[in-house]
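Encoded as structure tokens, the structure appears first; notes follow it.
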Amino acid sequence: MPEPIILGLESSCDDTAAAVLRGRKILSSVVMGQTELHAAFGGVVPEIAARAHAEKLDLAVEQALSEADLPLSGIDAIAVTAGPGLIGGVLSGVMLAKGLAAGLGKPLVGVNHLAGHALTPRLTDGLAYPYLMLLVSGGHCQFLIVRGPQDFTRLGGTIDDAPGEAFDKTARLLGLPQPGGPSVEKAAQAADETRFKFPRPLLDREGCDLSFSGLKTALLRMRDKLVEAQGGLHEADRADLCAGFQAAVRDVLAEKTRRALALYLAESPAVPAFAIAGGVAANQAIRGALETLCAEHGVTFTAPPLRLCTDNAAMIAYAGGELLAKGKTSDMGLSARPRWPLDREAAPLLGSGKKGAKA
Ligand code: KG4
Ligand code: ZN
1 MPEPIILGLE
11 SSCDDTAAAV
21 LRGRKILSSV
31 VMGQTELHAA
41 FGGVVPEIAA
51 RAHAEKLDLA
61 VEQALSEADL
71 PLSGIDAIAV
81 TAGPGLIGGV
91 LSGVMLAKGL
101 AAGLGKPLVG
111 VNHLAGHALT
121 PRLTDGLAYP
131 YLMLLVSGGH
141 CQFLIVRGPQ
151 DFTRLGGTID
161 DAPGEAFDKT
171 ARLLGLPQPG
181 GPSVEKAAQA
191 ADETRFKFPR
201 PLLDREGCDL
211 SFSGLKTALL
221 RMRDKLVEAQ
231 GGLHEADRAD
241 LCAGFQAAVR
251 DVLAEKTRRA
261 LALYLAESPA
271 VPAFAIAGGV
281 AANQAIRGAL
291 ETLCAEHGVT
301 FTAPPLRLCT
311 DNAAMIAYAG
321 GELLAKGKTS
331 DMGLSARPRW
341 PLDREAAPLL
351 GSGKKGAKA
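Going by my numbering, the letters in the sequence shown line up with residues 1 to 359, in that order.
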């Protein structure tokens, strides 16, 4: 039997996305961002996001079908993000998916947005279960052992900010452009990471939970002290602050990854693999440290391309395909869920991230 062609829809945050996949082959992937709509507000405004999704979703679907060169009737199933995320946007997606599924008489599959991110290394690199995953972006930060499309063990996560959020705040405090990650990384190049003593939050506590909000407070104090002493910041001060901050994030992520790897390897996986996903995975210092760590442990290191790490619908279609193959379809009672933790056994996370509560 040929592999089914799946239409995926994603609208849980500030990207309206549609994609068409056949198995692991991406026939099209359309992402319509909303950055400019929210720019003046310093974060995503849920009502604005919901309205934009409602306006753009069908356009995204039309474009995805046209790029895949398929009529709507060529679709075998519809996969949609049913949570977690901003409820108005998730509802827009779920309603459209239900309408399409009912109209076409094709199966509907509700997908957890985080499962979409977590299964991406299977879409891009065909990783075998179980693998260890670190999701690090502006909205997410958690370690997961991925065992199946609905089987995840969360080993730990941030108790406050996501690392990308901390990079963005650092850039803002130092007058560097947004998004903060790339500007901080650039400023940190060839700077002295040891001049300012940043804390390494939560390393004294056992386990894989992380915290990043203290780094921002430390940076604010160091900046204000310099401004008070010398009337402003020199270029070298800015660079050294960025380097010190980045080194702290790198060290914390590396140590917590070392602990997560130990827990994962204790299960003796047949083909040990680690995947990092999310915008922060683009950071060369962080990526390099984690790559080295994996090499030391004989674990394959994988980092999906950035366009598939950031919010997109290809990951939703792919995850939907895995669920469909297991017969896990949804009915018309599928509801939109603002919260939907991947690991129901794990204690709820406290952190929510700038883009709203995620899990
Ligand atoms: O995954 P992503 O594109 O979006 C969501 O958070 O949903 O992640 C964006 C985050 C931003 O906070 C950005 O500053 C951070 O990833 N980022 C980086 C780098 N490039 C992007 N952080 C550190 N270093 C980078 N090179
Ligand atoms: Zn996401």
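We treat Cβ as the ideally placed atom computed from N, Cα and C, and that holds for glycine.
Test item: CB-CB of residue i and residue j under 8 Å
i, j, result
"Cys208", "Phe143", "yes"
"Ser211", "Thr158", "yes"
"Gly279", "Thr329", "no"
"Ser213", "Asp151", "no"
"Leu265", "His297", "yes"
"Gly180", "Phe167", "yes"
"Arg339", "Pro84", "yes"
"Ala277", "Pro304", "yes"
"Leu70", "Ile5", "yes"
"Leu290", "Leu155", "no"
"Ala79", "Ala248", "no"
"Val94", "Leu324", "no"
"Gly88", "Ala64", "no"
"Ala191", "Leu342", "no"
"Arg200", "Asp237", "no"
"Val44", "Asn312", "no"
"Gly116", "Ala336", "no"
"Cys13", "Leu96", "no"
Euclidean distance between Cα positions of residue i and residue j
i, j, result
"Arg122", "Glu228", "52 Å"
"Gly74", "Ala314", "17 Å"
"Gln246", "Pro149", "33 Å"
"Leu232", "Ala285", "Just to set this straight, residue 232 is Gly in the shown sequence, not Leu. One C-alpha to the other measures close to 28 Å."
"Ala39", "Pro2", "44 Å"
"Leu203", "Leu114", "26 Å"
"Val274", "Val146", "Note that residue 274 is Phe in the sequence shown here, rather than Val. Approximately 10 Å between the Cα atoms of the pair."
"Ala295", "Gly288", "11 Å"
"Pro107", "Ser29", "20 Å"
"Gly351", "Met133", "Low local confidence applies: a pLDDT of 49 at Gly351 is under 50, so the model's placement there is unreliable, and no value is given."
"Lys216", "Val109", "40 Å"
"Ala188", "Gln34", "29 Å"
"Val184", "Ser137", "15 Å"
"Lys186", "Asn283", "10 Å"
"Leu135", "Pro163", "10 Å"
"Val125", "Glu322", "At residue 125 the sequence reads Asp, which differs from the Val that was named. Roughly 15 Å separates the two Cα atoms."
"Ser92", "Leu21", "21 Å"
"Leu37", "Ala82", "23 Å"
"Glu62", "Leu72", "9 Å"
"Ala359", "Leu104", "Per-residue confidence for Ala359 stands at a pLDDT of 43, beneath the threshold of 50, marking its modelled position as unreliable; no derived number is given."
"Thr120", "Arg24", "10 Å"
"His234", "Ala218", "18 Å"
Beta-bridge pairing of residue i - partner residues as DSSP gives them
i, result
"Tyr131", "Val146"
"Leu167", "As written in the sequence, residue 167 is Phe, which differs from the Leu given in the question. Phe167 pairs with nothing; no bridge assigned."
"Met32", "Thr16"
"Lys25", "Arg22"
"Ala314", "Answer by DSSP bridge pairing: none, since Ala314 is not bridged."
"Phe301", "Phe274"
"Asp151", "Gly148"
"Leu210", "Thr158"
"Gly8", "Ala19 and Ala79"
"Asn112", "Gly83"
"Val141", "First, the residue type needs correcting, since residue 141 is Cys and not Val in the sequence shown. Bridge partners of Cys141: Val136."
"Ser330", "Leu108"
Neighbour flag for residue i against chain C, beta carbons, 8 Å
i, result
"Ala303", "Considering every chain present, this structure includes no chain C. It has just one protein chain."
Check your reading: residues with Cβ closer than 5 Å to ligand 1 heavy atoms = Taking each Cβ in turn, the ones that pass are Ser137, Gly138, Gly139, Gly164, Phe167, Asp168, Pro179, Gly180, Gly181, Pro182, Glu185, Gly278, Gly279, Val280, Ala282, Asn283 and Thr310.
Check whether the region 264-278 touches the region 217-227, counting contact only when three or more Cβ pairs, one atom from each stretch, lie closer than 8 Å.
-> no
Is the region 238-248 close to the region 162-174, with three or more CB pairs under 8 Å?
-> Counting C-beta pairs with one atom in each stretch, the region 238-248 and the region 162-174 have three or more that are closer than 8 Å, which means they touch.
Any contact of the region 53-66 with the region 15-22, i.e. 3+ C-beta pairs under 8 Å?
-> A contact between stretches requires three or more CB pairs, one per stretch, nearer than 8 Å, and the region 53-66 meets this requirement with the region 15-22.
Pairing CB atoms from the region 5-13 with CB atoms from the region 92-108, are three or more of them under 8 Å?
-> Taking 8 Å as the limit for Cβ pairs, the verdict is that the region 92-108 does touch the region 5-13.
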